[in-house]
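Here is the structure we will look at.
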Amino acid sequence: MAQVPITLNNRTYRLACNDGEEKRLAALAQDVKSRVEKLAREFGQPADERLLLMAAVLLADELWDLREAYDAMLAAAADVLREAAQDQVSAPAQPSVPPSKAQSRAPGQASNLPQSQIHQMAASPPPLPQANSGSDGKIDRTGDGRGKQGSDSPQQMGAGTSGAGIAGPATPVADPLARGKSSAA
């Protein structure tokens, strides 16, 4: 244990403290010393015990005020949290979708794949899946397995598909049937 000499009102006291706490104890002692010296200037030089008692009461008064302020802040924070919880409970429930493994992973958290495999996957993404096609090999837009209905013109194929039946880039395509207009010509 370390010992710190403290001089207060012309008397030196040796106070023990844990190793590493010497600076804090010296700073606390300096605060008490400055308060005692201020009291001595204001009230003359009363007896040491009376002077130290007055300093102790002033410190206790400050501590009391700080505790009251702290308790008020805690009460206010508890009120805010209570109101927020009440608002959360009274808010309408929103359907939630369970996150995928990738979404539930914390940002910046790496996957279990080695870096080389991650880079390789990023450089060559997997091929796009084939569009649904019917028995005639044409795109099945109806889902009934009979292939595409109507003419073979690109206008009727819709956006995002190519003539080969493979999903392509989404480009705006005039589709009169989609807008309820007939293409009688």
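Just so you know, we're using the working numbering here: the sequence shown kicks off at 180 and counts up by one. A virtual CB, placed ideally from N, CA and C, is assigned to each residue, including glycine. Since the model is a prediction, treat every value here as computed from it, not as a measurement.
For residue i and residue j, which I take to be in contact (beta-carbon distance under 8 Å), what is that distance rounded to the nearest angstrom?
| i | j | result |
| --- | --- | --- |
| A219 | L230 | 6 Å |
| R190 | P184 | Going by Cβ atoms, the distance from R190 to P184 rounds to 11 Å, so no, they are not a contact pair. |
Whose CA, out of the options, lies closest to the CA of residue i?
| i | options | result |
| --- | --- | --- |
| L207 | L260, L187 and A248 | L187 |
| C196 | Q182, R190 and A263 | Q182 |
Run the CB neighbour count on residue i, radius 10 Å, all protein chains shown included, and call it buried at 16 or more, exposed below.
| i | result |
| --- | --- |
| S332 | Low confidence applies here, because S332 scores a pLDDT of 44, under 50, leaving its location unreliable; read the following figure in that light. So S332 counts as exposed. |
*Should the stretch 195-215 be regarded as contacting the stretch 232-239, the criterion being three or more beta carbon pairs within less than 8 Å?*
Output reads yes: the stretch 232-239 touches the stretch 195-215.
*With a floor of 4 residues, list each alpha helix (DSSP H) that falls wholly inside the stretch 206-287, ordered by position along the chain.*
Runs found: 227-269 and 280-283.
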